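The working numbering applies: residue 446 is where the sequence shown begins, and numbers increase by one.
Backbone N, C-alpha and C define an ideal beta-carbon position, used for all residues, glycine too.
All figures in this text were calculated on a predicted structure; none of them were measured in a lab.
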Amino acid sequence: MFSRFGAFLRSSIGKKSLMAVTGLLLILFLIAHVVGNLTLYADSDGAKFNAYAAQLEALGPVKLLAELGLVLLFGVHIALGMRAILENREARPSRYKDLAPKGNRTFASMTMSITGLVVLVFLVIHIIDFRMADFSEQGLAALVVERLSSPVGGAIYFVSMAFLGVHLWHAFQSAIQTLGFRHPSYAPAILVIGRVLAVAIAVLFASFPVLLLATGGQWPWN
Ligand code: HEM
Numbered sequence: 446m447f448s449r450f451g452a453f454l455r456s457s458i459g460k461k462s463l464m465a466v467t468g469l470l471l472i473l474f475l476i477a478h479v480v481g482n483l484t485l486y487a488d489s490d491g492a493k494f495n496a497y498a499a500q501l502e503a504l505g506p507v508k509l510l511a512e513l514g515l516v517l518l519f520g521v522h523i524a525l526g527m528r529a530i531l532e533n534r535e536a537r538p539s540r541y542k543d544l545a546p547k548g549n550r551t552f553a554s555m556t557m558s559i560t561g562l563v564v565l566v567f568l569v570i571h572i573i574d575f576r577m578a579d580f581s582e583q584g585l586a587a588l589v590v591e592r593l594s595s596p597v598g599g600a601i602y603f604v605s606m607a608f609l610g611v612h613l614w615h616a617f618q619s620a621i622q623t624l625g626f627r628h629p630s631y632a633p634a635i636l637v638i639g640r641v642l643a644v645a646i647a648v649l650f651a652s653f654p655v656l657l658l659a660t661g662g663q664w665p666w667n
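Here you go:
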């Protein structure tokens with residue numbers, strides 16, 4: 446049974462399916478992450494956000510396990526994405542030959558590798574910014590405010606969220622289609638759900654750098 450599963454994962458449809466499943470689970474992570482970040486708006490001194498981060502920390506081994514799962518999800522998704530980029534390059538002597546829209550192609554679907562690579566660069570910066578920083582003195586909320594209200598930091602977060610939005614615009618419906626759920630009667634609904642999710646996630650994440658840049662690091666209700 447394991448060897449059949451292994452053979453499936455090595456096949457091209459197996460790799461596409463794994464990319465779809467990891468991508469969908471990453472969307473769930475992004476929803477949880479952005480909802481958690483919304484606690485920054487719950488008060489004016491970041492106490493609720495810091496309490497939320499402390500609650501996560503208190504989960505101890507459970508948090509560690511979730512983080513390992515997250516590393517695995519990002520790792521598999523990124524590795525398969527890189528592989529697809531390299532395979533497409535080999536199969537396509539002229540890189541821009543088939544960029545012209547045909548059939549269901551959209552700007553978002555044709556730029557998945559570029560937007561994915563930008564989100565990957567963002568992720569590295571982001572992990573260095575918050576996961577590796579020592580915020581024991583100032584608190585996590587103050588660190589977020591400091592990073593996102595600096596012109597360079599705010600711009601990096603804002604622009605990256607635009608790329609994330611374009612990546613997600615195509616991602617959800619593509620993953621659902623890869624996994625074989627594409628009955629014509631609910632395909633339009635899946636398209637709409639995917640696009641609403643993409644816009645909501647990108648706009649909510651982007652709202653933090655926009656507000657902090659606009660107010661010079663002050664929440665408007667301070
Ligand atoms: C304005 C946008 C964002 C802000 C303000 C933000 C803020 C944060 C903060 C404060 C942490 C540290 C949490 C902790 O240590 O408890 C964190 C962790 C993380 N963020 Fe973000 N984030 C943003 C967008 C994103 C996006 C778009 C992604 C994915 C593409 C992402 C992926 C991650 C990951 C993987 C972690 C590490 C999770 C962990 O190991 O606990 N973040 N983020």
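In terms of Cα proximity to glutamate 532, the closest of His478, Phe608, His628 and Ser558 is Ser558. Alanine 465 and leucine 585 have their alpha carbons spaced roughly 33 Å apart. Each residue's CA atom was taken as its position, placing glutamine 500 and isoleucine 530 some 39 Å apart.
Comparing C-alpha distances from serine 554 to each of Leu636, Phe519 and Ala511 shows the shortest one belongs to Leu636. In this structure, the alpha-carbon of leucine 463 lies about 10 Å from that of serine 457. Close CB contacts of phenylalanine 580 within its chain, under the 8 Å cut and outside five residues either way in sequence, are with Ala587 and Leu588 (chain order). With contacts defined by Cβ atoms closer than 9 Å, valine 563 and serine 605 form a contacting pair. Spanning the alpha carbons of leucine 613 and glutamate 502 requires a straight line of approximately 29 Å. The Cβ-Cβ distance between isoleucine 472 and alanine 651 does not fall below 9 Å. At a cut-off of 8 Å, the beta-carbon of methionine 527 does not count as near the ligand HEM: no heavy atom of the ligand is closer than that. For alanine 498, the distance from the CB to the nearest heavy atom of the ligand HEM is below 8 Å. Relative to the non-hydrogen atoms of the ligand HEM, the Cβ of methionine 606 comes within a distance shorter than 8 Å of at least one.
Comparing alpha carbon positions, the residue from Gly481, Lys461 and Leu509 closest to methionine 527 is Lys461.
For proline 654, the enclosing alpha helix (DSSP H) starts and ends at 632-660. Note on geometry: alpha-carbon atoms of proline 506 and leucine 454 lie some 30 Å from one another.
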